[in-house]
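Here the structure is laid out as structure tokens; the discussion comes afterwards.
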Amino acid sequence: MYRYDEFDAAMVRDRVAQFAYQVERRLKGELTEDEFKPLRLKNGLYLQLHSYMLRIAVPYGTLSTRQMRQFAYIARKYDRGYGHFTTRQNMQFHWPKLVDVPAILSDLADVEMHCIQTSGNCVRNVTADQFAGAVAGEIEDPRILSEIVRQWSTFHPEFNYLPRKFKIAVSGTKEDRAAVKFHDIGIEIIKNAAGETGYRVFVGGGMGRTPYVALLIGQFVAKEDILAYLEAVLRVYNEYGRRDNIHKARVKILAHQLGADEFRRQVEVEFAEIKKGGTLQLPAEEMARIAAYFAPPEFEVLSDASPEFDAALKDKDFANWAKTNLTAHKIPGYAIATISLKMIGATPGDISADQLDAVAQLMDNFGYDEIRVTHEQNLVLPHVRKKDLPRLFARLKELNLSTANAGLITDIICCPGLDYCDLANARSIPIAQKIQERFSDLERQHNLGELKIKMSGCINACGHHHAGHIGILGVDKKGVEFYQIQLGGSGAEDASVGEIMGPGFGKDEIVDAIERVVDAYLNLRQSDERLLDTYRRVGMAPFKNLVYREQLHAAY
Amino acid sequence: MAKVVPQILTANRLRDGEVVYWRDGNWVEAYGEAQIFPDDASADAALAAAQDFVKRNIVVATYLFDVRADGSPVKEREIIRAAGPSVRPDTGKQARHV
């Protein structure tokens, strides 16, 4: 993985010192809260419902063993013994004290981490496919470009005060596990007809109160031109993005108002200007230098058949876990293992300090010192020898991390909601937990197949409800929590925005309503259709009829 | 005439973010000890007095919220804020009573 050079190290250390001084001045009263707030936000520090919250950048979701152990240390020393992995592959601590934050940042810098680009109207931490460098069919490891984009965007003087935040995601395969079409810029690594590798650039995707699937702007951007092209997109946005209305300030509004053709035309004018200067041309040597950091580990030459693995499949629990939580690796004899952070009845994405330490040990023992955070709030060991999987599973079981539900109905994306968040209108975690409990029967889950529930506690959609096969949005109705259901969203390569079903449900009705959606699907489905496919075939009406028939009194 | 709703004044302590409530010219941590203002005039006077603590960098984000006659918050948000995350009874103010 990427290692800091002397510039990175100095930059992060300078930033820690700078923020320590800002905190000192704030506490002495030399800075007012109005002056201090933008500074703390630029360092990932929010004031939430109960306390401060610190968001730590996990660039493209990749972590080393040392970094996992440092999270455990920070959770114990400064927080309440746990952390939370977010839908942007980051880590959040919910209970830091302002006076401790400089020390936390210093401890993070010790392991090449920071909170830069986790808040504010800048280019945010870049996200990528969690199976990067491991999955078959990948054109190129998306973390190489992600790291290049990170270096270009961090402290970019022109883009430090954009109209609004700006999120970039990169995928290296046809299958989209990074929700690229729901980002301000989504980049898909592709090959053209001549067999050259380049980039397809989508612009203007997003969730929030105005959800959009991104527009295809760059059909094929050559590798050397990608930074110039991204800079051109950001220049158009920086100049014309609306600063007068926060709800219309994201690039999605500008791009969709102009339309793909006009937006592309404007980008191409800027792009031609930047190209003339020639300074943003990405040298092949520099790309190779960065790529070297992401060179795969030295894989053993193994047969894909593993007697240890095959023998373990006789164990029902292992077989169930293997069915959903393992993905084929590009190298024979290896597998990609997803560690679900969706234990039935637990908080999606939460992990205790002890679990962080224990997972770090598993990374040492079985995982080439590396782990990935997924935007679905799970962890992934990207390279595990198949013969080690039974031992890995046994250990996960002891740690209560062996839940066999990746991609199933209980693998719910869920924002912190009103239990923690200052912006939330309703709780999301307890609803996720109740849905998990209702559908905890594994046979039933397998029968339902791939079914993605995504839930947010407010319109800002951190829980990606617009992209859920079933989306749930919590709203406040005169101080009482209500939940709206959406159907038909997808954050994958077949991206779509879900459609609102109708009036919302109270917190004691929503789980029954979800069960009726699922029952409706089972009545309607043909062969092995997913719920999403059934919805796309039959539309909303049959679902709506079945869901509301039993609840005609459902509140508005 | 608008209905009179009792209110409570709250803020976060600057140093550590702790949720605090106003009581008789100072701040307390426990919701149960918060002062209940029966009308807008007394609530607004407390909010004005609290600005001195903002200026002295002791608290941030002061605001008033509505409560019922028995002192319990009208909105779920304030119930959760007063106790801690409903999914983690071992954290927040509620943990002190376990």
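Same order as they appear, the protein sequences are chains B and X.
Residue numbers for the first sequence follow this note's numbering, so the first one is 174 and each next one is one higher.
Residue numbers for the second sequence follow this note's numbering, so the first one is 41 and each next one is one higher.
Just so you know, even glycine gets a beta-carbon here, dropped at the ideal spot from N, CA and C.
Contact between residue 391 of chain B and residue 372 of chain B is confirmed by a C-beta separation of about 7 Å, below the 8 Å threshold.
A residue is called buried once 16 or more other Cβ atoms fall within 10 Å of its Cβ, and residue 398 of chain B is buried on that count. At a C-beta separation below 8 Å, residue 520 of chain B has these neighbours in chain X: 127 and 128. Only residues of its own chain outside the window of five on either side were considered, and among them 586 have a CB closer than 6 Å to the CB of residue 549 of chain B, listed in chain order. As DSSP reads the structure, residue 66 of chain X sits in a beta bridge with X:63. In terms of Cβ geometry, residue 219 of chain B and residue 292 of chain B form a close pair [threshold 8 Å]. Separation of residue 197 of chain B and residue 286 of chain B (C-alpha to C-alpha, rounded to the nearest whole angstrom) is 22 Å.
For residue 446 of chain B, the enclosing alpha helix (DSSP H) stretches over residues 433 to 450.
The segment 585 to 602 of chain B and the segment 526 to 540 of chain B do not touch, with fewer than 3 CB-CB distances between them shorter than 8 Å. Chain X has no Cβ within less than 8 Å of the Cβ of residue 466 of chain B. When the five nearest sequence neighbours on each side are left out, the beta carbons in the same chain lying within less than 7 Å of the beta carbon of residue 428 of chain B are those of 376, 377, 388 and 436, in order along the chain.
One alpha carbon belongs to residue 203 of chain B, the other to residue 52 of chain X, and they sit about 19 Å apart. Using a C-beta cut-off of 8 Å, the segment 590 to 598 of chain B makes no contact with the segment 502 to 519 of chain B, since fewer than three inter-stretch Cβ pairs fall below that distance.
Residue 51 of chain X: member of the beta strand (DSSP E) spanning 47 to 53, first to last residue. Contacts between residue 220 of chain B and chain X, judged by CB atoms closer than 9 Å, involve 52, 57, 100 and 101 in chain order.
Cβ contact annotation for residue 124 of chain X (same chain, cutoff 8 Å, sequence separation greater than five): 131, 132, 133, 134 and 135, in chain order. In terms of Cβ geometry, residue 703 of chain B and residue 623 of chain B form a close pair [threshold 8 Å]. Close to chain X, meaning a Cβ-Cβ distance shorter than 8 Å, are the following residues of the segment 204 to 215 of chain B: 206. Around residue 224 of chain B, the beta-carbon contacts reaching into chain X at under 9 Å are 52, 56, 57, 58, 59 and 132.
Contact annotation: in the segment 263 to 297 of chain B, residues whose CB is within less than 9 Å of a CB in chain X are 267, 268, 269, 270, 271, 272 and 273. Within the segment 526 to 601 of chain B, the beta strand (DSSP E) runs of at least 3 residues that lie entirely inside it are, in chain order, 543 to 546 and 552 to 558. Chain-ordered, the chain X residues with CB closer than 7 Å to the CB of residue 253 of chain B read 131.
Residues of the segment 603 to 624 of chain B that bring their beta carbon within less than 8 Å of a beta carbon in chain X comprise 603 and 606, in sequence order. Exposure of residue 420 of chain B is indicated by the presence of fewer than 16 other C-beta atoms within 10 angstroms of its C-beta.
According to the DSSP secondary-structure assignment, residue 460 of chain B is paired through a beta bridge with no residue. Measuring C-alpha to C-alpha distances from residue 294 of chain B to each of B:311, B:382 and B:334 identifies B:334 as the nearest.
Among the residues of the segment 639 to 659 of chain B, those with a Cβ less than 8 Å away from any Cβ of chain X are 649, 652, 653 and 654, in the order of the chain. At least one CB of chain B lies nearer than 8 Å to the CB of residue 116 of chain X. Residue 317 of chain B is not bridged by DSSP to any residue. Chain order gives no chain B residues near residue 76 of chain X, where near means a beta carbon separation below 8 Å; the closest approach is about 18 Å. Contact check for residue 652 of chain B and residue 116 of chain X: beta-carbon distance about 6 Å, within the 8 Å limit, so the pair qualifies.
Proximity of chain B to residue 65 of chain X at the Cβ level (cut-off 7 Å) is not reached, the minimal Cβ distance being about 20 Å. Assignment of residue 473 of chain B by DSSP, reduced to helix, strand and coil, places it in the coil class. Closer than 8 Å to the CB of residue 120 of chain X there is at least one CB belonging to chain B. DSSP, reduced to helix, strand and coil, places residue 299 of chain B outside both helices and strands of the structure shown, so it counts as coil. Exclusion of the five residues before and after residue 542 of chain B leaves 237, 238 and 536 as the residues of its chain whose Cβ lies within less than 7 Å of its Cβ.
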